[in-house]
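Numbering (this note's numbering), first residue to last: 2 to 220.
Remarks on the structure that follows.
See below:
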């Protein structure tokens, strides 16, 4: 959508309104105080917390794109914390499976994890901190985004091998909750580009900057 110069964020504000409505529906505690008719809300279910995190992630991107950086940062940090907890819990569950559950593994649909959203959010926060001249903090987020991409590739390879070995398996739809490989590859290209810039701006790691520039150009 191309907004007029007089209202450059008009479509994004409209999208924000819908996202806020969705978030308030999933998590009533996010309603403004003057609209909240119940100050005591029941704890959210795991499903609701994950749904709220996915909305907060998109809202965070929205605020950053509208140059409201502090609010966008807060939303992305909150969303990432929930997504990371979801990933950690599921990975722990997978490691704790009994032998009997392992034998029935083919009969169960594998739960997908958050990779793309976390990579994208890490990129956004890395750029935000780089623009504040906080290169160390920027590199923390960007390095984590790079590691998530590597974890995504490893999970995809494992899932593909399992799918190929199981003739009765359903069609493989990937391992990420929301994104396909093409989109995650695009996120990773940005990670590499931002890492090249961050290391270049640090003034101490020109070799690493050159390495990431080369990797970016090779994609």
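Built from N, CA and C at the ideal position, the CB exists for glycine as well.
Proximity winner among 24, 212, 132 and 153, relative to residue 71 (alpha-carbon distances): 132
Ignore the nearest five residues each way along the sequence and tell me which others in residue 128's own chain have a CB closer than 8 Å to its CB. 139 and 195
Cβ neighbour criterion (16 or more within 10 Å) applied to residue 4: exposed
Would the beta-carbon of residue 28 fall within 8 Å of that of residue 49? yes
Using beta-carbon positions only, say whether residue 146 and residue 124 come within less than 8 Å of one another. yes
Classify residue 47 as buried or exposed, calling it buried when 16 or more other Cβ atoms lie within 10 Å of its own Cβ. exposed
Given a threshold of 16 other Cβ atoms within 10 Å of its Cβ, counted over all protein chains shown, does residue 121 qualify as buried or as exposed? buried
Do residue 213 and residue 197 have their C-beta atoms closer together than 8 Å? yes
Can you list, in chain order, the residues of its chain whose CB lies under 6 Å from that of residue 190, leaving out five sequence neighbours each side? 220
Residue of 116, 90 and 136 minimising C-alpha distance to residue 205: 136
When you compare the region 17-33 with the region 51-63, are there three or more beta-carbon pairs, one atom per stretch, that lie closer than 8 Å? yes
Pull the bridge partners of residue 114 from the DSSP assignment, please. 177
Buried or exposed for residue 78, going by 16 or more other Cβ atoms inside 10 Å? exposed
Looking at the structure shown, is residue 214 part of a helix, part of a strand, or coil, going by DSSP? helix
Look up residue 128 in the DSSP assignment and say whether it is helix, strand or coil. helix
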